[in-house]
Amino acid sequence: MSGLKNSPFGKRLRASQQETDDSTPRRNRPRINSVFGVSPAGSATPSLDSRPTTSSDSSGGPDSPVDAPRVTRDYGDRFVPSRDTGDMRTSYHLMEQELSTPSKKNRIIPSESDALKEQANALFSSILHTEVTPPSPHRPSSPTRPPVASTSAAPPSTPTRRRLFAYSSPSRSNPSTPSRRLDTPTDEAYSMSPVRAQSRQLLESPRRQLRSVCKTPYRVLDAPELAEDFYLNLVDWSSTNVLGVGLGSCVYLWTAHNAAVSKLCDLAESRDTISSVSWVQKGSTLAVGTLSGTLHVYDASTLQLIRTYPQAHGQRIGAIAWNAHILSSGSRDRMVHHRDVREADTRPFKRCQGHKQEVCGLKWSGDGGPSSANLASGGNDNKVCIWDLRGSRRAAAGLPNAGRPVPGTSSGDDAGAGDIPLWKFHEHTAAVKALAWDPHVSGVLATGGGTQDKHIRFWNTGTGTMLNELDTGSQVCNLIWSLTSHELVSTHGFSSTTAQNQICIWKYPTLNMVASLTGHTNRVLYLAMSPDGETIVTGAGDETLRFWNAFPKKESSEREKDSRLDYGKLIR
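Under my numbering, the first residue of the sequence shown is numbered 1, with each subsequent residue one higher.
Structure below.
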């Protein structure tokens, strides 16, 4: 320090201090930092104390007769937090994820890596709890704040003497119950692990293996003139392993086992365009809807036209659904028509009107057969309707409940009457095209909303209640359930985040993402599944069809593998 005092810097510093002492009164003398010197005139030195300071000169009021003594606090250059009186979740950054509510702009679509992160974070949190707060009968499971001291003054007492370090053997700690803990080779005292035994048990315990899904399509087909229209349904896969695709004014059939392509029809002469295709459950018949409102039914084996319904609707037919011999069609004219393809009459035997805008989604439930199945319809009015054909007046007249008229009878009276839907859901805030009935649980329906909604909602159609909902962060274009596992596939389009045009696989009912597939450069508007339930095909406005191995093979039971009724195994 002597060198610093005799240096030129020290001399200038002492000189400035003497000048300040001579010119400034003692009570108004500013604080001088011995290192940085006097602060410049008019500048305020920032303080760690956040309380505002007021000056007597600028207050404008009379001076106080008694000057309060000014308390000067010296702050060091280091801050050491004390976690003794704090909550453990706050001190160790273990706040719940639900507390953070990111804005819509910063929201991202969950990726398949989130499942691994969630599993690792849960394991880390469990180990941290075990290490920080080990289970002990004398200590609570989590630290709590100390109780507030009583306002009444406690009488003074002499503090008890406490040893900071105590050296004793485990057997002497509790003479009443002597133990031979150190004689056990597996005791924690001999452990070389940096964590406790409970933490090691958590680390060594088996964890659920996440299913791996191939991220690249195994086949890509060109699909020229595949329309990029959210309200159309141009791809469907039959139970006979034949893919039907509507391209412009033509419908093509692609056979999966030999990759053969055949043209089913061409409507260029009538200047019409394909707007929807749908296979019957048996896979032998394909229904085709057009922009002009015409409905065609073709035999896929012979490539012949079976039946035509001219002016089936007043506007384009965007959705078609089969239920055995019942053909249901939804149109831009807001109507849903039901026809029996076995009848020669071209008029529908039932009309249902429950939407105020275009009907863009139709799906029959697969359970119960044509007599007891329900129909789900989604519209551009953001509504979802559940229909039951058994509620028609035809059933009250004594006719069969199968929803079909007696052959040869006129259906003009009932055709003009629209039934009231069994349920009507109003929770979506955008067009509902994506509809899928759960094949594993009867009566469960999944619906997906458009750009302004971005939600997948699950309904119990038996009670009309919503079971769950999932915010995907992007437009939901299609939904389909897996046949081999309880999982759901969703395709997406427009998104408010960086992730777009995704194909997501969700685990139900946990709604954890299993995989996220990318490859399309436009909205993934079309989705279909192979009859074995292992492969899905997606179509987009980039005019490509991509085939993905999304699900594992269906495991057969031991009874199916080794059946005693299989006499072929007994032949030698």
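By construction, the Cβ of each residue, glycine as well, lies at the ideal position given by its N, Cα and C atoms.
Values in this document were obtained by computation on a predicted structure and should not be read as measured data.
Residue range of the unbroken alpha helix (DSSP H) whose run includes residue i
i: Ala197; result: 197-204
N- and C-terminal bounds of the beta strand (DSSP E) containing residue i
i: Lys507; result: 503-507
i: Val489; result: 487-495
i: Ser276; result: 274-279
i: Gln304; result: 304-309
i: Asp299; result: 295-299
i: Tyr617; result: Since the first and last residues shown for the chain are 1 and 572, residue 617 lies out of range.
i: Leu247; result: 242-247
i: Val359; result: 359-364
i: Thr587; result: In this structure the chain extends from 1 to 572, so residue 587 is not present and cannot be described.
i: Asp388; result: 384-388
i: Arg211; result: Taken as a continuous stretch (DSSP letters only), Arg211 belongs to no beta strand (DSSP E), as it is neither H nor E.
i: Asp236; result: 235-237
i: Phe349; result: Careful: Phe349 lies outside any beta strand (DSSP E) and carries neither H nor E.
i: Met529; result: 524-529
i: Ser482; result: Element bounds for Ser482: n/a, residue is neither H nor E.
Distance between residue j and residue i (C-alpha atoms, nearest Å)
i: Thr472; j: Thr491; result: 10 Å
i: Leu13; j: Ser7; result: 10 Å
i: Val288; j: Ala499; result: 34 Å
i: Thr54; j: Gln17; result: With a pLDDT of 45 at Thr54, under the threshold of 50, the predicted position of this residue should be treated as unreliable, and no value is reported.
i: Ser328; j: Lys215; result: 36 Å
i: Ser199; j: Thr544; result: 51 Å
i: Gly493; j: His520; result: 10 Å
i: Trp506; j: Thr429; result: 22 Å
i: Ser239; j: Asp266; result: 24 Å
i: Thr465; j: Glu131; result: 44 Å
i: Pro185; j: Ser191; result: 9 Å
i: Ala446; j: Phe458; result: 5 Å
i: Val537; j: Ala256; result: 11 Å
i: Arg271; j: Ile503; result: 34 Å
i: Gln119; j: Thr273; result: 50 Å
i: Ala189; j: Leu182; result: 7 Å
i: Lys554; j: Glu487; result: 13 Å
i: Thr510; j: Glu469; result: 11 Å
Integer Cβ distance of residue i from residue j, believed to fall under 8 Å
i: Lys433; j: Gly354; result: The Cβ separation is near 16 Å, so there is no contact.
i: Gly293; j: Ala268; result: The pair is not a contact, with the Cβ atoms about 18 Å apart (cut-off 8 Å).
i: Phe547; j: Tyr218; result: 6 Å
i: Tyr298; j: Leu247; result: In fact, because the Cβ distance is near 15 Å, the residues do not count as touching under 8 Å.
i: Ser530; j: Trp237; result: 6 Å
i: Leu435; j: Ala376; result: 5 Å
i: Val277; j: Asn233; result: 7 Å
i: Leu362; j: Ala319; result: 4 Å
Where residue i sits in the DSSP three-state scheme
i: Phe9; result: helix
i: Tyr218; result: coil
i: Asp340; result: strand
i: Ser126; result: helix
i: Tyr252; result: strand
i: Arg457; result: strand
i: Asp266; result: strand
i: Gln17; result: helix
i: Gly132; result: First, the residue type needs correcting, since residue 132 is Val and not Gly in the sequence shown. If DSSP states are grouped into helix, strand and coil, Val132 belongs with the helices.
i: Leu422; result: coil
i: Lys433; result: strand
i: Asn380; result: coil
i: Asp183; result: helix
i: Ala417; result: Residue confidence is low: Ala417 scores 43 on pLDDT, short of 50, so the model does not pin down where it sits. Its coordinate-derived value is still stated next. Three-state result, Ala417: coil.
i: Lys117; result: helix
i: Ala223; result: coil
i: Ser410; result: Below a pLDDT of 50, predicted positions are generally treated as unreliable, and Ser410, at 33, falls in that range; the measurement from the model is reported next regardless. Coil at Ser410, not helix or strand.
i: Ala260; result: coil
i: Ala189; result: helix
i: Leu511; result: coil
i: Ser442; result: coil
i: Ala319; result: strand
With 16 other Cβ atoms within 10 Å as the buried cut-off, status of residue i
i: Pro224; result: exposed
i: His426; result: exposed
i: Tyr526; result: buried
i: Arg51; result: Reliability of the predicted coordinates at Arg51 is poor, the pLDDT of 43 falling under 50, and the value obtained from them is presented with this limitation in mind. Result: exposed.
i: Asp187; result: exposed
i: Val261; result: exposed
i: Phe230; result: buried
i: Phe349; result: buried
i: Ile420; result: exposed
i: Gln475; result: buried
i: Val524; result: buried
i: Arg339; result: buried
Residue i CB to nearest heavy atom of the ligand FMN below 7 Å
i: Asp299; result: With respect to small molecules bound, the structure shown includes none, and the ligand FMN cannot be examined in it.
Proximity test, Cβ basis, 8 Å: residue i and chain D
i: Glu487; result: As a matter of chain content, chain D is missing from the structure shown, which is built from one protein chain.
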